[in-house]
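Structure record follows, encoded as structure tokens.
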Amino acid sequence: MPDSEPGILVARLARGETAALGEFFDRCAGLAYGLALRILRDPTEAEDVVQEVFVQVWRQASRYDPGRGSPEAWVCTIARTRALDQLRRRAARREEPAGPDQPSSARPAASEEALAVRKALDGLSGDQRRALELAYYEGLTQSEIARRLGEPLGTIKTRIRSAMMRLRETLAPAQA
Amino acid sequence: MNDHPQRELAPLAALGALDGESLAEWNAHVATCEPCRRDLAAYESVAGSIGTAADPRPVPAELRRRVLSSLGAPAERSRASRAPWALAAAASIAAVALAGGLVWALLAREDARREGQRAEREARALQERLAREQSALAALVAAADTRTTVLAGLPAAPGARGRVVWNPAQRRAVLVATGLPPAAEGKAYEIWVIAGAAPVPAGLFQVDARGEAMVEMPWVDEAARPGTFAVTLEPEQGVPAPTGPMVLAGAVS
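Residue numbers (the working numbering), protein chains in the order written: chain S, 1 to 176; chain W, 177 to 429.
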């Protein structure tokens, strides 16, 4: 169904078509929610993030640039930013982090992009992957990661850089 | 080619992982360096992709409704996204698709017994509406010997509520449920009747865009003397014994 292809949906959103929002939500909200849950581990906060994400999607659809990445990646970037903002607000209020990850009842979806990224992540060393995940899912800076892992700053910088270069080569070989 | 030691910082900058002097150095440099800005954009694409590999999670129906209505968007699901299930449902149970208001009509009938005259008038009005719209179902609701069992939401679906309205003489049972998240792709909710022995499957259903469902359950003998009604989340073709998380349950009193 060509009108439902994600890039087309965003174009329809950019034209102000509210009718496209439901479909775009059904495409991407599960991913935004899953990502927010992984970062925040709190369903209520994660739900708030999903709300914020789609408000931003609706307001900024005309600014989406397909050259920068897929619509799903765009939604994930917004979701990560919002979720990390909330994580930092929570840390600033010194609240205890909410409970452990809930078991998933959904079969993980597998877009081609997701499969390619998972394969690329599997190709990283454990050290590289851990450092990357702390930066991505916890929003830690290089110094915070070095402290958390008890490693020199230079080591962490190299690990993250190598991980990202490896991902870039795998995901966009023509441009790397 | 110019020496570009700052180029090393681009991948970290894309993640927002720079701090301290590195961050200051990068910010000062990237303002005047086009190749590094291009590099940053490439690494930001990579960073954007990382999130797509996360596991999606089912979105609660109430959240979907809230988000879409706050943006002025229609909340009905497109037929395309539901078509494959619709065929399976028609094959497994007689799903009675009624307007959301009728769900509350059934719930209101029980409350009316407890809340006196005004509520009775409301219940009668709703019953009349039911009668106009679905006369067969109204017969079940109106019969004096029809029983109702309240189902409570379990930790897997804390916002869920439900009732089974059942009548052994008519050999009919209807499940009404609200507050259930839509089942994930390839899954459906399955109803169980437990009458002392193993749970007996009694129908499959999906919730609508409002997270509600009202379904005519296939009559099973155990429903003549049930002990408990329950709902679990299962593979969409159904299973002969419960395997998935339980979302609703209620004991017959």
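Don't be surprised by glycine CBs; every beta carbon is placed ideally from N, CA and C.
If you're wondering where the values come from, they're calculated on a predicted model, not measured in any experiment.
C-beta atoms of Leu87/S and Leu35/S nearer than 8 Å: It is not a contact, given that the beta carbons lie outside the stated cut-off.
Cutoff 8 Å: Tyr64/S Cβ touching any chain W Cβ: No, its Cβ sits nowhere closer than 8 Å to a Cβ of chain W.
Proximity to Val423/W [Cα-Cα], best of Leu194/W, Ala353/W and Glu238/W: Of the residues Leu194/W, Ala353/W and Glu238/W, the one whose Cα lies closest to the Cα of Val423/W is Ala353/W.
Where Thr404/W falls: helix, strand or coil (DSSP): Correct three-state label for Thr404/W: strand.
Within 8 Å, strictly: CB atoms of Arg59/S and Tyr137/S: Between Arg59/S and Tyr137/S, the C-beta spacing is not below 8 Å.
Within-8 Å CB hit, Gly387/W to chain S: Chain S, which has no Cβ nearer than 8 Å to the Cβ of Gly387/W, makes this no.
Status (buried if at least 16 other CB within 10 Å, exposed otherwise) for Arg147/S: Arg147/S should be labelled exposed.
Any beta strand (DSSP E) of 3 or more consecutive residues that is wholly inside the region 352 to 425 of chain W: Taking only runs of at least 3 residues, the beta strand (DSSP E) segments lying wholly in the region 352 to 425 of chain W are 363 to 370, 376 to 381, 389 to 393 and 404 to 411.
Interface residues of the region 9 to 25 of chain S facing chain W [CB-CB below 7 Å]: Hits within the stretch, in order: Thr18, Ala19, Leu21, Gly22, Glu23 and Phe25.
Interface positions of the region 331 to 365 of chain W facing chain S (Cβ-Cβ less than 8 Å), listed along the chain: Residues Ala332, Ala360, Glu361, Gly362 and Lys363.
Below-8 Å beta-carbon distance, Ser105/S vs any chain W residue: Caution applies to Ser105/S, whose pLDDT of 40 falls short of 50 and renders its modelled position unreliable; the value that the coordinates give is listed next. Under the Cβ criterion of 8 Å, Ser105/S is counted among the residues facing chain W.
Counterpart residues of Gly338/W in DSSP-defined beta bridges: Gly338/W pairs with Leu327/W and Ala353/W.
Proximal residues, the region 141 to 153 of chain S versus chain W, C-beta separation under 8 Å: In summary, the residues of the region 141 to 153 of chain S whose CB is separated from some CB of chain W by less than 8 Å are Thr141, Gln142, Ser143, Glu144 and Ile145, in the order they occur in the chain.
Given 8 Å, three or more beta-carbon pairs between the region 54 to 73 of chain S and the region 10 to 29 of chain S: The way I'd put it, the region 54 to 73 of chain S does touch the region 10 to 29 of chain S; three or more beta-carbon pairs between them come closer than 8 Å.
C-beta neighbour in chain W for Gln51/S, strict 8 Å: Interface residue, yes.
DSSP-derived helix/strand/coil call for Ala333/W: Secondary structure of Ala333/W (DSSP, three-state): coil.
Given 8 Å, three or more beta-carbon pairs between the region 4 to 13 of chain S and the region 233 to 248 of chain W: No, the region 4 to 13 of chain S does not touch the region 233 to 248 of chain W.
Where Arg142/W falls: helix, strand or coil (DSSP): The structure shown does not extend to residue 142/W, since chain W is modelled only from 177 through 429, so no value can be given for it.
Through-space distance from Met390/W to Arg337/W, alpha-carbon basis: When only Cα atoms are considered, Arg337/W and Met390/W end up about 12 Å apart.
Ile367/W at chain S interface by Cβ criterion, 8 Å: Cβ-Cβ to chain S under 8 Å: no for Ile367/W.
Residue-level contact to chain W via CB, Glu138/S, 8 Å cutoff: Judged by the 8 Å Cβ criterion, Glu138/S is not in contact with chain W.
Burial state of Gly329/W, where buried means 16 or more other Cβ atoms lie within 10 Å: So Gly329/W counts as buried.
DSSP-derived helix/strand/coil call for Ala19/S: Assignment of Ala19/S by DSSP, reduced to helix, strand and coil, places it in the helix class.
Under 8 Å between C-beta atoms of Thr228/W and Ala114/S: Contact annotation: Thr228/W and Ala114/S have beta-carbon atoms nearer than 8 Å.
For Ala207/W, three-class secondary structure by DSSP: DSSP places Ala207/W outside both helix and strand once states are collapsed to three, so it counts as coil.
Local Cβ density within 10 Å of Val383/W, reported as buried at 16 or more and exposed below that: Val383/W comes out buried.
Minimum C-alpha distance to Arg348/W - residue among Pro232/W, Ala333/W, Glu392/W and Gly379/W: Of Pro232/W, Ala333/W, Glu392/W and Gly379/W, the residue nearest in Cα terms is Glu392/W.
Tyr136/S, enclosing alpha helix (DSSP H) - first and last residue: Unbroken alpha helix (DSSP H) run through Tyr136/S: Gly126 to Tyr137.
Chain-ordered neighbours of Gly7/S on chain W, where CB pairs are closer than 9 Å: Within 9 Å Cβ-Cβ: nothing; Gly7/S doesn't reach chain W, min ~14 Å.
Exposure label - Lys119/S; buried when at least 16 CB within 10 Å: Residue environment: Lys119/S is assigned as exposed (fewer than 16 neighbouring CB atoms within 10 Å of its CB, all protein chains considered).
Where Glu72/S meets chain W, residues with beta-carbon distance less than 7 Å: Going along chain W in sequence order, the residues near Glu72/S (Cβ under 7 Å) are Thr228.
Three-state secondary structure assigned by DSSP to Arg233/W: Look at Arg233/W here: in three-state DSSP terms it is coil, with no helix or strand label.
Proximity winner among Ile78/S, Ala91/S, Gln51/S and Arg27/S, relative to Leu63/S (alpha-carbon distances): Per the sequence shown, residue 63/S should be read as Arg rather than Leu. Among Ile78/S, Ala91/S, Gln51/S and Arg27/S, the Cα nearest to that of Arg63/S is on Ile78/S.
Paired residues, beta bridge with Arg348/W - DSSP: Arg348/W has Asn343/W as its beta-bridge partners, per DSSP.
Per DSSP, the bridge partner or partners of Ala223/W: Looking at the DSSP output, Ala223/W sits in no beta bridge, so it has no partner there.
Proximity test, Cβ basis, 8 Å: Leu31/S and chain W: Yes, Leu31/S lies at the interface with chain W (some Cβ there is under 8 Å from its Cβ).
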